[in-house]
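Below: one structure, written as structure tokens.
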Amino acid sequence: MGLLGVDIRYSSLGVAGLAELLPLLSSFPSLNSLRLHYCNLDFRRDQFEQEDTLRDLSQGLACLQELRRLSLTALRLPGQLRVLLSSLPQPLEILELPYLSLSPSDLAYLSCSHHASALQQLDLSENRLEDSTLPSIRRLLSQASSSLQHLSLSGCGLTDSLLGLLLPSFGCCRALKSLALALNPLSMAGLLDLVQMAVRLPNLRQLLYPNPLEDYQPGLPDLPSSAQLLDWPLDESTDINMTSSQLNRVLLDSGRTDLLLTCDLLNYDKDLVV
């Protein structure tokens with residue numbers, strides 16, 4: 003079979019190292035997975051040779067004929083997603099792009115790319131979504147609606163109003179098995195709307211939801227970041243179990259005993275879904 007996957011984490015590989023690595027990987031014809039997490043890949047620090055390096059990376063990826071999974075964490079390359087992904091000869095099935103500083107043009111490209119309709123797993127966590135990016139996200143979800151099984155938009159700055167605009171798109175993803183929306187600034191009303199949508203997805207088995215804003219101690223900013231939501235203490239005077247009870251009541255009323263609702267970010271694992 004040969005080498006099937008490469009997983010590099012917390013290294014000083016750097017941009018130049020990646021450009022040298024990719025051509026070497028082309029000698030493994032069965033390689034279908036490439037995962038690079040926190041490998042010091044910040045293109046914004048290397049403006050002088052960025053164009054040449056991007057071309058080298060694009061050519062290197064183009065040689066990975068069987069690549070189906072690409073995971074890039076904390077790759078600082080805003081506005082250049084097209085350069086990287088358009089060279090891949092086959093559509094990706096798993097695409098993980100957390101902490102990538104994705105721009106509106108990146109999301110617009112992805113929604114129209116040859117990868118969109120083949121995606122089974124998509125992680126865009128910690129890329130801030132705004133009104134200007136919602137058309138691209140809705141288009142992307144529409145393209146992937148029949149194939150997408152796992153979606154993560156944790157820490158994307160989704161407010162009640164933004165979530166409300168996305169709920170119809172979530173509802174069209176009938177194959178969805180897990181949905182992660184942790185660390186988004188949602189109220190209890192927003193969470194109830196989310197769960198009412200979730201129970202109508204026949205294959206959904208896990209929903210990772212954020213603690214509602216009402217559960218935090220006073221002083222939280224009006225539009226808190228994901229880091230603030232993670233660090234800000236919960237209000238001990240409120241009954242945290244009440245949130246879970248209200249959401250699970252929606253499950254009981256709908257008869258969805260097969261759907262797990264959780265706000266436990268540390269122990270959440272989409273791979274437990276069968």
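Going by the working numbering, 267 is the number at position 265 of the sequence shown; the sequence numbering is gapless.
Quick reminder that beta carbons are idealized off the backbone N, C-alpha and C, glycines included.
Please read all numbers here as calculations on a predicted model, not as lab measurements.
In the DSSP assignment, Glu98 forms a beta bridge with Ser73 and Asp125. With contacts defined as CB atoms closer than 8 Å, Leu160 and Leu183 qualify as a contacting pair. Straight-line measurement puts the Cα of Ser32 at about 49 Å from the Cα of Pro223.
Closest option to Ser246, judged by alpha-carbon separation, among Tyr211, Asp233, Gln230 and Pro220: Tyr211. The criterion of a C-beta distance shorter than 8 Å is not satisfied by Leu169 and Asp133.
The beta carbon of Leu178 is closer than 8 Å to those of Leu150, Gln151, His152, Leu153, Phe172, Leu203, Asn205 and Leu206 in its chain, skipping five residues each way along the sequence. Leu185 and Asp162 have their C-alpha atoms roughly 13 Å apart. Counting every other CB atom within 10 Å of its CB across the protein chains shown gives Gln82 a total of 16 or more, marking it as buried.
Per DSSP, the unbroken alpha helix (DSSP H) holding Leu193 starts and ends at Met190 to Ala200.
Counting C-beta pairs closer than 8 Å gives fewer than three between the segment 107-120 and the segment 55-69, which falls short of the contact rule. Counting only runs of 3 or more residues that sit fully inside the segment 141-194, the beta strand (DSSP E) segments are 152-154 and 180-182, in chain order.
Relative to Pro25, the option among Ala64, Ser103 and Leu136 whose CA is nearest is Ala64. Under the DSSP definition of a beta bridge, Asp233 lacks any partner. Separation of the CB atoms of Tyr40 and Arg11 is rounded to 6 Å, and the pair is thereby assigned contact status at 8 Å.
Sixteen is the threshold: when 16 or more other Cβ atoms of the shown chains lie within 10 Å of the Cβ of Gly192, as they do, the residue is buried. In terms of Cβ geometry, Pro187 and Pro137 do not form a close pair [threshold 8 Å].
Collapsing the DSSP output to three states places Thr245 in a helix.
The three-state secondary structure of Arg258, taken from DSSP, is coil. Pro235 is a Cβ neighbour of Gln219, given a cutoff of 8 Å. Restricting attention to Gln61, Glu128, Leu209 and Ile96, the CA atom closest to the CA of Leu90 is found in Gln61. Per DSSP, the continuous alpha helix (DSSP H) segment holding Leu86 begins and ends at Leu83 to Leu87.
Counting other Cβ atoms within 10 Å of its Cβ, Gly157 reaches 16 or more and is therefore classed as buried.
When only Cα atoms are considered, Leu94 and Gly166 end up about 29 Å apart. Here DSSP, grouped into helix, strand and coil, assigns Thr240 to coil. Minimum Cα-Cα distance from Gln145 among the listed residues Cys114, Leu215 and Leu72 corresponds to Cys114.
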